[in-house]
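Peer 1:
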Amino acid sequence: MAEGTMQRPGGSVLSSIGYSWRRISPRFVPVLAVLSAMILTIPFMMITGARGDIGRGLNIALTAYAAFIEGATGVAVNSLVTTADTAAVVTFAETNPLTNRDLRLLARSVTRLSQLGADTVARYASVIDTYADDLDAAALDALGQRIEGIQEVGPDTLRAMQPLTEDLVELGSSSAAAIFRTYGVSDTLTDEDVAAIVAQVPAAASYGMGDLLAYLSITNQRGSAVTISRMLEQLDVLDQLGIDPMGGEADDIAEISKLAEGSRTGSDYINDLRGIDDQLLASGVVDENELSRQLSLVNAMYERGVLTNPDVHTALTTELEPYLAANTVVYRPGNQPLLIHEAHTEQAGIIWSTQNTPETEDDKPDTAYLRVGGSAILFFPYQLERTIVRAIPFIIAGLAVALGFKAGLFNIGAEGQLYLGGLLAVFVGYSPLFDFLPGFTRVIVVLVAGILGGALWGAIPGLLKAYTGAHEVINTIMMNYIALRLTDWLINSSDPYIMRDPSATNPATPNVHPNAILPRLDDIASWWFVVVAVVFFALQIYRHREAIQRNLLLVIRPALRALLILAAGLFLQWITVRDSLHLGIGVMILAVMFIDWLLVKTTTGFELRTVGINPDAAKYAGMNVKWNLVLAMMLSGGLAGLAGAIEISSVQFNMKPAFFAGLGFDAIAVALLARSNPRNMIYAGLLWGALVSAQGVIQIRTDISNDLVRIIQALIIMFIAADAIVRFLWRVPAASEEEKQSTGATFSKGWGG
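The sequence shown begins at 186 in the numbering used here and counts up by one.
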């Protein structure tokens, strides 16, 4: 049996499943790498967000990934509001008079009660009551604010420092500061140092040299002798009250003082929480978290006009049910908990945005929904629109890096090529020299300028590689720095102005001419999509005309594809609701098709791939290896420059220093994830765009830092680069030589080789 082949097992169902998995799993290695990264991120969430609480950590992880799906695709599943969602508030309001003005403050207080816990509140209240005769609320806060400092320094140490502190305070702040800032940072004191200190602070003579140095160091760390003096005053208060400075009561007083807000003391806060806890017990409400959620929901109902009666109990029992029967109301997580479609109760519907649209026909879809049982499946077009816009430069720049991989070159210089392409594109876009260009031709020239800028910048390391053997990694890294600093100089220069806009507050080029801006999809007439579909259908019919003449049924496939193109175009136009999805998506698709055709269908592509796999064999086969190396770097740079030009002409409209912020380096990850396959680049770029687009939603929903997205991206790169880990974890067979070559992940053959 030939090496690397698999023999089909017999009999067992599990054996058949295993055989099938071994056959199909290699093509899913990138997907498995993404899944592995997302699973491995869950422990990070447990540690940072849940502090080791497994149940809470899993809940945070599920919330985070639900937020990711919503932020990436615009799809979410939320509950429809029912009267049960306000049952706890109704129960509470039955025994406690409650108006709409009380809701916000009460919700915050109930949340704090839940966070502290009823037992903790009772303990704090007991401490307040115990010392109420000796300390008023302000004095208790003043004491609590010093307790942590007393504990850090140590009560005995503070008492020993008292004579020294009194002399330093009497000396005056500036003179005292000169002493402890001079000697408090020293490692040792000399006899001369001690004599100089004693001359100004007589009490210093009573301390040993080591203790004196330590006490001066403590004073320096605390900032002033007055601070130490105030700590001593509060230590005396603790002693008079018989409170152990290192004990539990002292800790409680310190925590109470932290609750103070503005004019409200910590004691005021605890007394309020104690009163609310008593009200909860009297009303029979036991779940503080649920009550807090419902209070926020009811407050939102008042803000949105769902409820109008100031008495909350009356409003909930008489107004809510009729309103829910006549309208679709969805409960949403976050600070805007209500999504309302007024006067609509059908199973599916669209909520239209009327902002900035004086005519009804110009309204944009805000939310589409489908009611399923007690839930609603929601679709927010603007989220998907943002993901696609973010993905476009990743896809094109990823193509640039992948093309280098196919030729055996590691083009790490996509970042610099982006900048040079962007510079030329923005210059053509704003310069009066090109104002003669009519209509749409100017934006075409802008894109061509971006391609030329990137290609020229990529050609330099290509020539050095081909004719001197200089390694492209070193050269492209250096070219990145040159491009970045060149951009900084051109845009920041103001004497004289080179590319900087003199009227701009921050360094930036002038905005490009309106003719240099790529059109938004919603600005394009719908019949253009029909034209594209018809042209595609006609080309497919012409291409396969002989086969269709023999079998007319073969016309079905191109017809379905044409309809799919038409539907996709109209859908993309429909989701362009924030005026951000632009014609660059069409340029991106053409770029993917062109590179795929170039590599697979042309002699040039065959030569590039052959040089990448084995340059020696390519040379003996009569191929011009040097020319192919230069060509690969030029094409790669041109694609990166195109990505830069599209960003300039569709997103930013001008250029700023450090505008691309690592986009070229992200492109390396996208190319690796796509395994250098041009068609896969669309999926890889969409994933990268989705991660960037969704990070804000994840942070809002889970209170987890945006760094979570960077962690996921880093893990994906790690699993792709070391795919043996993924293959081991998911029982995927080792890559065959054919698979290694098909991925294009063949890098240059050594340093200078």
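Backbone N, C-alpha and C define an ideal beta-carbon position, used for all residues, glycine too. The structure displayed is predicted, hence computed values, not measured ones.
Examine the Cβ distances between the region 464-477 and the region 340-348 and report whether three or more of them are shorter than 8 Å.
Peer 2: Verdict: no, contact absent.
Peer 1: Is Trp537 helix, strand or coil when you go by DSSP?
Peer 2: Strand at Trp537.
Peer 1: Could you name each continuous beta strand (DSSP E) segment of 3 residues or more that falls completely within the region 828-875, going from the start of the chain to the end?
Peer 2: The qualifying runs do not exist here; there are none.
Peer 1: Check for me: the beta strand (DSSP E) holding Leu523 runs from which residue to which?
Peer 2: Looking at the DSSP string, the run of the beta strand (DSSP E) that includes Leu523 is 523-526.
Peer 1: Once DSSP output is grouped into helix, strand and coil, what is the label at Ala261?
Peer 2: In the structure shown, Ala261 sits in a strand (DSSP, three-state: E or B).
Peer 1: Relative to the C-alpha of Gln510, which candidate in Pro522, Pro518, Val497, Val491 has its C-alpha closest?
Peer 2: Looking at the sequence itself, residue 510 is Ala, so the reference to Gln does not match. Closest by alpha carbon: Val491.
Peer 1: Between the beta-carbon of Ala576 and the beta-carbon of Trp759, is there less than 8 Å?
Peer 2: Contact flag unset, no.
Peer 1: Taking 8 Å as the cut-off, decide whether the C-beta atoms of Thr493 and Ala500 are in contact.
Peer 2: Closer than 8 Å, so yes.
Peer 1: For the beta strand (DSSP E) that contains Tyr400, what are its first and last residues?
Peer 2: Where Tyr400 is concerned, there is no enclosing beta strand (DSSP E), although the alpha helix (DSSP H) it sits in stretches over 394-407.
Peer 1: Label Phe913 either buried or exposed according to how many other C-beta atoms from any shown protein chain fall within 10 Å of its C-beta, with 16 as the threshold for buried.
Peer 2: Exposed, since its Cβ has fewer than 16 Cβ neighbours within 10 Å.
Peer 1: What is the DSSP secondary structure of Arg293, counted as helix, strand or coil?
Peer 2: If DSSP states are grouped into helix, strand and coil, Arg293 belongs with the helices.
Peer 1: For the 8 Å Cβ check, are there 3 or more pairs between the region 572-592 and the region 524-532?
Peer 2: Judged by Cβ distances under 8 Å, the region 572-592 makes no contact with the region 524-532, as fewer than three pairs qualify.
Peer 1: What number of angstroms, rounded off, separates the C-alpha of Val295 from the C-alpha of Ser878?
Peer 2: The alpha-carbon atoms of Val295 and Ser878 are separated by roughly 34 Å.
Peer 1: Can you grab the Cα-Cα spacing for the pair Ala689 / Ser678, in whole Å?
Peer 2: So the alpha carbons of these two residues sit roughly 13 Å apart.
Peer 1: Can you give the beta carbon distance from Thr572 to Leu871, rounded, assuming they're within the 8 Å contact cut?
Peer 2: Confirmed, Cβ separation roughly 7 Å.
Peer 1: Is the Cβ of Gly790 closer than 8 Å to any Cβ of chain D?
Peer 2: Among the chains of the structure shown, chain D does not appear; only one protein chain is present.
Peer 1: Quick check on the burial criterion: 16 or more other C-beta atoms within 10 angstroms. Buried or exposed for Phe838?
Peer 2: Buried is the call here.
Peer 1: Since Ile461 and Gly451 should fall inside the 8 Å C-beta cutoff, what is the C-beta to C-beta distance between them, to a whole number of angstroms?
Peer 2: Rounded, the Cβ-Cβ distance is 16 Å, inconsistent with contact.
Peer 1: Using the rule of at least 16 other Cβ atoms within 10 Å of the residue's Cβ for burial, across every protein chain shown, is Gly447 buried or exposed?
Peer 2: It is exposed - the Cβ of Gly447 has fewer than 16 other Cβ atoms within 10 Å.
Peer 1: Nearest to Leu768 by CA position, among Lys811, Ala830, Met808, is which residue?
Peer 2: When only C-alpha atoms are compared, the closest one is Ala830.
Peer 1: Cβ of Tyr516 within 8 Å of Cβ of Val266?
Peer 2: Yes.
Peer 1: Would Ala218 pass as a contact of Ile905 if the rule is Cβ separation under 8 Å?
Peer 2: Yes, these two residues count as a Cβ contact at 8 Å.
Peer 1: Need the endpoints of the alpha helix (DSSP H) that Thr503 sits in, please.
Peer 2: That run of the alpha helix (DSSP H) goes 497-503.
Peer 1: Taking the alpha carbon of Ile426 as the point to measure from, which residue in Thr350, Gly847, Leu328, Val386 has its own alpha carbon closest?
Peer 2: In the sequence as presented, Ile is not what sits at residue 426; that position holds Leu. Nearest of Thr350, Gly847, Leu328, Val386 to Leu426, Cα basis: Leu328.
Peer 1: Would Val613 and Phe619 qualify as a contact pair, given that the criterion is a beta-carbon distance under 8 Å?
Peer 2: Yes, Cβ-Cβ distance for Val613 and Phe619 is below 8 Å.
Peer 1: Cα separation between Ser765 and Lys804?
Peer 2: Approximately 48 Å, taken between the alpha carbons.
Peer 1: Just verifying my parser: in three-state terms, what is the DSSP assignment at Ile562?
Peer 2: Ile562 falls in the strand class under three-state DSSP.
Peer 1: Would you list the residues sitting across from Ser679 in a DSSP beta bridge?
Peer 2: DSSP lists Tyr682 as partners of Ser679.
Peer 1: Quick one: measure Cβ to Cβ for Ser861 and Ala668, integer angstroms, because I've assumed they're closer than 8 Å.
Peer 2: Between Ala668 and Ser861 the Cβ distance is about 24 Å, and since that is not below 8 Å, they are no contact.
Peer 1: Keeping to the same chain, check which residues put their C-beta closer than 6 Å to that of Ala439; ignore five residues upstream and five downstream.
Peer 2: Excluding sequence neighbours, Ala439 sits near Gly329, Ile332, Glu333.
Peer 1: Curious, which full-length alpha helix (DSSP H) runs of at least 4 residues does the region 572-651 contain?
Peer 2: Qualifying alpha helix (DSSP H) stretches, in chain order: 599-615.
Peer 1: Can you list, in chain order, the residues of its chain with a C-beta nearer than 6 Å to that of Leu523? Leave out the 5 residues immediately preceding and following it.
Peer 2: Ala485, Arg489, listed in sequence order.
Peer 1: To the nearest angstrom, report how far apart Pro695 and Phe565 are at their CA atoms.
Peer 2: Distance between the alpha carbons of Pro695 and Phe565 is about 34 Å.
Peer 1: Can you tell which of Gly823, Thr545, Met663, Gly593 has its C-alpha closest to the C-alpha of Gly797?
Peer 2: The shortest C-alpha separation from Gly797 is found at Gly593.
Peer 1: Which word fits Leu900, buried or exposed, when buried means at least 16 other C-beta atoms lie within 10 angstroms of its C-beta?
Peer 2: That one is buried.
Peer 1: What does the alpha-carbon distance come out to for the pair Leu563 and Asn263?
Peer 2: Answer to the nearest angstrom: the Cα atoms are 7 Å apart.
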